[in-house]
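Novice: The structure's right below; bear with me while I get my questions together.
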Amino acid sequence: GYGARTAYLSLSRGEGGQNLIGQELGEGLGLIRTRELLAARATDGAQQFFTRAFDFGFSKTLDETLRFWPIDSVLKDAVRVIRTFRPQIVISVFSGTPRDGHGQHQEAGVVARRAFAAAGDSTKFPELETEEGLAPWQPQRLYQSTRFDTSGTTVVMQTGTLDPRSGRTYWQIAMASRSRHRSQEMGQLQRMGPALTRLGLIKDVAGTTDDGSATHGHDLFEGIPKHGTWLTALADSLRGVLSADRVASLVPPLAAAVARAASEPEVADSITRRQLGEALAVAAGAELDARADGSEYLVPGGRDTLTLQVYNGGTSDATLDSCTIDAPAGWRVEPLDGAAGDVAPGAMVTRRFALTVPADAPLTEPYFLQRPRIGDLYDWSAAPPAVRGRPFAPPLLQGHAFLSLLGAHVTLTREVTYRYDDRATGEVRRPMHVVPAVDVRLEPDVVVWPADGPAHRPFTVTLLSHAHAPITGDVRLEVDGWPSHPSARFALAGAGASRSVTLDLARPAGWVPWLWATRPAAGLWGRAAPGPGVDVPRVAAGPRAT
């Protein structure tokens, strides 16, 4: 309703919770919930950030949580997000007291208050500036939700108000957003009618009187300056004449604003320039599509063809200056046809590229899972600084079209995806991934084998090819400390071909039941012999298929 850029910061990805929709737990559940948060943000229009904290499960106290989530580490991550996003306002959901219940909720409240102060302090985490280029940034106000204690309320927002752009109230939009958290059983009814959201002012950096009381009223942004005068005037004037059937009339003033913003210091930040460019592209009806022609899967050493299409669906003349594809370092992208040219109203131009993936290209993996966790914190030290705190790394491949519209230069950007026609649901888009040439799956992957059980157990290995060329090889079972077993030959004709192989695993001869146990004091592994009359099976690393 304010038209403000908004971001959410979640300390964890929810790995320790329940799962209503599947069997995934731990990191797998964290990936699902990250996607659910992104789906919620797609509904409410905000951005999403995270810290390194891994959800270890329910905790009753703040002290217990701090043993798993060291306050300095989590605080640094929160300060990084504030200095990256540069908000004017910070809102804390929790109070940082036992009233919050869950110990992780309490730490979230504590971190919010400390991060508000530390983000603008150059003596706090100076490495964020020297190593990551994030200068100190001081938010102007800190609010806290008063949902559980309304006595400290200073701002009451009428969230039952209708949003004219969507035809729903802000409360209904919020409930639609919350319902995207499917694994958490968060489905909500979108009730219409009056609704209130209450906040309490905790800290006001600039707008306080001598006695410490706030000078602003019941508006979150009252007294906080907006962008430069000419930008504010432009936005107000365009908003006053905007209508669905007259969008094209906004092209000339937006083109002039884009050209002016390129040289204005007050809009030097890339976010404002990008928003102006996106507004101009929407008004002009300029669109970009970026697709992979072969598959959503790329294998090391493989090739594919990429297609960019630029459509001028408006009434203004446009010139396509160039097209490019962003790819990881070492990848080869070669244009197969020309790039520049006019795009008349109603016309579409197509540009194609040949993509070659290096033979040593790493497999696609979330950046926060590339290294083992350090306690209950993800180790994302291998990731570029600009990625840390983001839901995922940027898309593997991105297409760009550089257009000229009435003398203004606009960049259209879209992730390269693979699309296909699902006969039940229609068009489906998939992101690009680097995967092994052959996917190997083992069933069962967990086995309890009693000491007096059968001497042989069957295992099924399913092979799926992602490579376009035929592949042959051998598949076998390996078990640490057990004798090797015969392998089986396989052949896969090409991408999408699969084969299942059943292999028998034989228990070693001369089986003697024993078990590995831990010595708690030293944390060392030692052998423990069973007592009289006790049959203890061996506990060993499970089989793996190669």
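Numbered according to my numbering, the sequence shown terminates at residue 552, and the numbering increases by one at each position without gaps. From the three backbone atoms N, C-alpha and C, an ideal C-beta is built for every residue, glycine too. Since we're looking at a predicted model, the values are computed, not measured.
Going by the beta-carbon positions, is the gap between ASP83 and THR103 smaller than 7 Å?
Specialist: No, Cβ-Cβ distance for ASP83 and THR103 is not below 7 Å.
Novice: Which value, in whole angstroms, describes the spacing of the CA atoms of SER16 and PRO258?
Specialist: Whole-angstrom Cα-Cα distance: 41 Å.
Novice: Using a Cβ-Cβ cutoff of less than 7 Å, which residues in the same chain neighbour SER183 once the five nearest sequence positions on both sides are dropped?
Specialist: Contacts found: ALA46, THR49, ASP50.
Novice: In terms of residue numbering, what span does the alpha helix (DSSP H) encompassing ARG41 cover?
Specialist: Here the alpha helix (DSSP H) through ARG41 covers 33–50.
Novice: Measuring straight from C-alpha to C-alpha, what distance separates PRO450 and ARG435?
Specialist: Answer to the nearest angstrom: the Cα atoms are 31 Å apart.
Novice: Please classify ALA335: is it buried, with 16 or more other beta-carbons within 10 angstroms of its beta-carbon, or exposed?
Specialist: ALA335 comes out exposed.
Novice: Going by C-alpha to C-alpha distance, which of SER189, ILE88, ALA512, PHE64 sits closest to LEU26?
Specialist: Nearest option by C-alpha distance: SER189.
Novice: Is GLN164 helix, strand or coil by DSSP?
Specialist: Strand at GLN164.
Novice: Take ARG447 as the anchor and find which of GLY413, VAL507, ARG171, PRO401 has the nearest alpha-carbon.
Specialist: Minimum Cα distance to ARG447 is reached at VAL507.
Novice: Mark TYR8 as exposed unless 16 or more other C-beta atoms lie within 10 angstroms of its C-beta, in which case mark it buried.
Specialist: Burial call: exposed.
Novice: From the DSSP output, in three-state form, read off LEU530 for me.
Specialist: Confidence is the limiting factor: at LEU530 the pLDDT is only 31, short of 50, which leaves the residue's position unreliable, though a coordinate-based value still follows. Of the three classes helix, strand and coil, the one that applies to LEU530 here is strand, per DSSP.
Novice: Which one of ARG279, MET438, PRO145, ALA114 has the shortest CA to CA distance from GLU371?
Specialist: Considering only alpha carbons, the answer is MET438.
Novice: What separation, rounded to the nearest whole angstrom, lies between the Cα atoms of ALA553 and ASN318?
Specialist: Outside the displayed range of the chain (7 to 552) lies residue 553, so it cannot be described from this structure.
Novice: Tell whether a beta-carbon distance below 7 Å holds between ARG420 and ALA324.
Specialist: No, these two residues do not count as a Cβ contact at 7 Å.
Novice: Which stretch, first to last residue, makes up the beta strand (DSSP E) that contains PRO341?
Specialist: PRO341 -> beta strand (DSSP E) spans 338–341.
Novice: Does DSSP classify GLU270 as helix, strand or coil?
Specialist: It is coil, neither helix nor strand.
Novice: Check each candidate in LYS66, ILE77, ARG86, TRP75 and name the one with the smallest Cα separation from ARG105.
Specialist: Taking only the C-alpha atoms, the option nearest ARG105 is LYS66.
Novice: From this set, GLY405, ALA407, TRP386, which residue's C-alpha is nearest PHE398's C-alpha?
Specialist: Nearest C-alpha to PHE398: TRP386.
Novice: Is the beta carbon of THR159 closer than 7 Å to that of GLU113?
Specialist: Contact flag unset, no.
Novice: For GLY307, name the three-state secondary structure that DSSP assigns.
Specialist: GLY307 falls in the coil class under three-state DSSP.
Novice: State buried or exposed for ILE277, treating a residue as buried only when at least 16 other CB atoms are found within 10 Å of its CB.
Specialist: By the neighbour-count rule (16 or more Cβ atoms within 10 Å), ILE277 is not buried but exposed.
Novice: Does the beta-carbon distance from TYR424 to SER301 come in below 7 Å?
Specialist: Their beta carbons are under 7 Å apart, which means TYR424 touches SER301 by this criterion.
Novice: Counting pairs of Cβ atoms below 8 Å between the region 129–143 and the region 185–200, do you hit three or more?
Specialist: Contact between the region 129–143 and the region 185–200 is absent, because fewer than three Cβ pairs lie under 8 Å.
Novice: Label ILE93 either buried or exposed according to how many other C-beta atoms from any shown protein chain fall within 10 Å of its C-beta, with 16 as the threshold for buried.
Specialist: At residue 93 the sequence reads Pro, which differs from the Ile that was named. Buried: at least 16 other Cβ atoms inside 10 Å.
Novice: Any chance the CB of LEU81 is under 6 Å from a heavy atom of the ligand HEM?
Specialist: Among the ligands in the structure shown, none appear at all, so the ligand HEM cannot be discussed.
Novice: Is GLU21 helix, strand or coil when you go by DSSP?
Specialist: GLU21: coil per DSSP, three-state reduction.
Novice: Sort out for me which residues DSSP pairs TYR317 with in a bridge.
Specialist: TYR317 is bridged to GLU293, MET354.
Novice: In the DSSP assignment, what residue or residues form a beta bridge with PHE56?
Specialist: Paired residues: SER16.
Novice: From the DSSP output, in three-state form, read off GLU70 for me.
Specialist: The answer is helix: DSSP assigns GLU70 an H, G or I state.
Novice: DSSP beta-bridge partners for THR278?
Specialist: DSSP, once it has assigned bridges, lists no residue as partnering THR278.
Novice: List the residues that DSSP assigns as beta-bridge partners of ILE477.
Specialist: Beta-bridge pairing links ILE477 to LEU498.
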